[in-house]
Structure formats: C-alpha cells, structure tokens
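Colleague: Handing you a structure now.
2 protein chains.
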Amino acid sequence: MNIGEAAARSGVSAKMIRHYEAIGLLAAARGANGYRVYAARDVAVLRFIRHARDLGFPLEDVRRLLALWQDHGRASAEVKRLALAHVVALESKAESLQRMAASLRHLAAHCQGDQRPDCPILDDLARKE
Amino acid sequence: MNIGEAAARSGVSAKMIRHYEAIGLLAAARGANGYRVYAARDVAVLRFIRHARDLGFPLEDVRRLLALWQDHGRASAEVKRLALAHVVALESKAESLQRMAASLRHLAAHCQGDQRPDCPILDDLARKE
DNA sequence: CCTTGACCTTCCCATATTGGTAAGGCCCAG
DNA sequence: CTGGGCCTTACCAATATGGGAAGGTCAAGG
C-alpha cells in the first residue's frame, strides 16, 4: 500500500503522514522505487494518532500514548494519568476562552452598535492599566 | 522614551513591540542613534493592543479595532460586529475543547488506572473508523 | 580617557500543526 | 512514447511569542 491509500484508509492526509514520520511517530518501509510502503498495521497506528489528535492531545502526548499502546505490559495507570492531565489542560483552556467571551459579551451588551462613535468596547481596550 | 521603558509602561515586551512594528501595527520614530523613540501616545496604543490580545483577539482583528479606535468618526456598529463575531469564535472553540474534555473524562472514568494493561482509553483510540 | 554594564540594533531560530506549491521521478494505460 | 496520476524532497505559509548571537550606543565611575 502506498501513502495515498494509507491516507484514504486512515483519514490522515499524506502530508501529515510524512510529517509524523519526520518527527519519528511512525516508520515506513520503502519499496525499491523509494515509495513509502504501508501495511494494515500502519493504518491502525495512523488511525490511533488521528483519534488522539481529535481528542486534542498534542503530538508529544500522542507519542507517549502510542508507546503505551504498543507496550502490552503497560500499566493503565500511566495512560489514565496522561488522559486526566490533558483533561485538566483542556478544561483550563476552555474556561479561559469562556472568560474572555463573557467579558467581551458584557462589553458588547453596553455598546449601542449604531452610527455613533461611542463604544464601551473601545473605551475598555483603551483603559490605562 | 526608548523601547525598554515603553515596554515596562505598556506591559508589552520589547520583543513584541518590534514585532508589531514589523507587521505594521504601529510606527515608531527613530532617534539620531537609530533607537526607536516612543511618546505617551504610543504607550496608549501598546496598551490597547495588549488589552485586545488579552481578550483573545487575533492580531488581524486588533489591527481593525485599532483603526476604528483612531477613527473618531467610526460607527460603533462595526466595533460591536467585530466583537460579537469574536465572541462566537471564542465560545465555539471553548465548546469544542469541552466536548473533548468530556469525552476523555468519560473514557478515563472507565479506566481502572492500576497496574493492569486493560484500558478503555487506548481501546477507543485504537478503534477502527 | 577608558572601561563596564545596561540598553539598543538586526538577524536567525524555535515552538506546534497543517496546508500549499514546485520540481522532479516512477509507473501504467493507451 | 506520451499523458496523467501518484510518488519524492524541499521550501514557504499561517498563528504569536520567545531565545539568543553579534555588534553599536550611552552613561556612570575610576
């Protein structure tokens, strides 16, 4: 299987497959013509990576999860620890974004939004602090 | 006032002040020695930029807000429109992160987290889809 | 007057992730 | 043998920020 088919089967773009290889997330065999050659096993790895990315894991975490997944003697404690640490990071980021949204929504609520130039949003951004 | 003082007064690092200048967000006068020279007005601009960044506005939005702020004949409608569009983007991103966190928290809740290798988190990442 | 240290300059690199593009090689069908 | 589709590497783009090198400037103090 060449990279195009591996991409179609895994849902990971060929571009990203090459990138993941460049950063050492997966290794690909090479055919006599220099083309990367993939087996079903590699597609499974690519899908694993994609799912982890869909959950927002940074690639460094993906690397560790992948290693744990392939280590059949692993302790699930380590996986759970990684996952929960990531959950905390996600929730923290989400809260930060929501705080920004709430502040801005509050400011916007007091802005007339008409042809006049008066605007509490700009006033706030221009505050001295 | 040199860049160091402008940085201290505005809360924007000298590094970023130079960057904002490079992308055309603000212009600095130059002294005879080649040093950037800032006036109180520039510090106000830098503070404006910092506040907008604190609310998560991307620099392109900051550029538009800055232009609106400096245009005394502006309509507040445009500012409000920009702000609310950004609120929507922030909330959408926050929801996306929360969905990830919830999925992962759910998976982690079913993971024993002990010395055994069984782990629903890894099982889910390895699912065929 | 000269040294020292703080501050300034520009330029390059790094982060993390993904996409685009360009120039060229390989392979199969017509 | 040619065309089109796939592959290769390599460079550039975006987001925003920081680190550091190499060298110029300035003020204070011996």
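The listed protein sequences derive, respectively, from chains G and H. The opening position of the first sequence corresponds to residue -3 in this note's numbering, with each subsequent residue numbered one higher. The opening position of the second sequence corresponds to residue -3 in this note's numbering, with each subsequent residue numbered one higher. Just so you know, even glycine gets a beta-carbon here, dropped at the ideal spot from N, CA and C.
Quick check on the DSSP output: the alpha helix (DSSP H) that includes lysine 124/G runs from which residue to which?
Modeller: Lysine 124/G -> no alpha helix (DSSP H), and no H or E assigned at all.
Colleague: Rounded to the nearest angstrom, what separates isoleucine 45/G and valine 58/G at their Cα positions?
Modeller: Near 6 Å, if we compare the C-alpha coordinates of valine 58/G and isoleucine 45/G.
Colleague: Assuming contact is defined by CB atoms lying nearer than 8 Å, are tyrosine 34/G and alanine 24/G in contact in what I supplied?
Modeller: Contact flag set, yes.
Colleague: Regarding alanine 63/G and the ligand SAM, is the C-beta to nearest heavy atom distance less than 7 Å?
Modeller: Among the ligands in the structure shown, none appear at all, so the ligand SAM cannot be discussed.
Colleague: So which residues of chain G does leucine 21/H contact, with C-beta pairs closer than 9 Å?
Modeller: Simply none; closest approach about 14 Å.
Colleague: Buried or exposed: which applies to tyrosine 31/H, given that a residue is buried once 16 or more other Cβ atoms fall within 10 Å of its Cβ?
Modeller: It counts as exposed.
Colleague: Quick check on arginine 112/G: does DSSP put it in helix, strand or coil?
Modeller: Coil, per DSSP.
Colleague: Name the DSSP bridge partner or partners of valine 33/G?
Modeller: According to DSSP, which records beta bridges pairwise, valine 33/G is partnered with Ala25/G.
Colleague: Rounded C-beta distance between valine 83/H and alanine 90/G? I'm assuming under 8 Å.
Modeller: Not a contact, Cβ separation roughly 15 Å.
Colleague: Of all the CB atoms in chain G, is at least one closer than 8 Å to the CB of methionine 12/H?
Modeller: No, its Cβ sits nowhere closer than 8 Å to a Cβ of chain G.
Colleague: Determine, for proline 54/G, whether the minimum Cβ-Cβ distance to residues of chain H falls below 8 Å.
Modeller: False, the Cβ-Cβ gap to chain H never drops below 8 Å.
Colleague: At a Cβ threshold of 8 Å, is alanine 25/H touching chain G?
Modeller: With 8 Å as the cut-off, alanine 25/H does not count as an interface residue toward chain G.
Colleague: Applying a beta-carbon distance threshold of less than 7 Å, which residues of chain H neighbour methionine 96/G?
Modeller: The contacting residues are Leu51, Gly52 and Leu86.
Colleague: Taking three-plus beta-carbon pairs below 8 Å as touching, is the stretch 95 to 109 of chain H in contact with the stretch 70 to 82 of chain G?
Modeller: Cβ pair count under 8 Å is three or more, so yes.
Colleague: Using the beta-carbon of each residue, which ones in chain H are nearer than 7 Å to aspartate 114/G?
Modeller: Result: Ser72.
Colleague: Examine chain G for any beta-carbon lying closer than 8 Å to the beta-carbon of aspartate 110/H, and answer yes or no.
Modeller: Interface residue, yes.
Colleague: Please classify aspartate 67/G as buried or exposed, where buried requires at least 16 neighbouring CB atoms within 10 angstroms.
Modeller: So aspartate 67/G ends up on the exposed side.
Colleague: Between Val8/G, Ala3/G, Ala4/G and Asn(-2)/G, which has its C-alpha nearest glycine 27/G's C-alpha?
Modeller: Among Val8/G, Ala3/G, Ala4/G and Asn(-2)/G, the Cα nearest to that of glycine 27/G belongs to Asn(-2)/G.
Colleague: Counting only beta-carbon separations shorter than 8 Å, does alanine 36/H have a partner in chain G?
Modeller: No, its Cβ sits nowhere closer than 8 Å to a Cβ of chain G.
Colleague: Cα-Cα, which of Leu42/G, Arg70/G and Leu62/G is closest to glycine 109/H?
Modeller: With distances taken between Cα atoms, glycine 109/H lies closest to Arg70/G.
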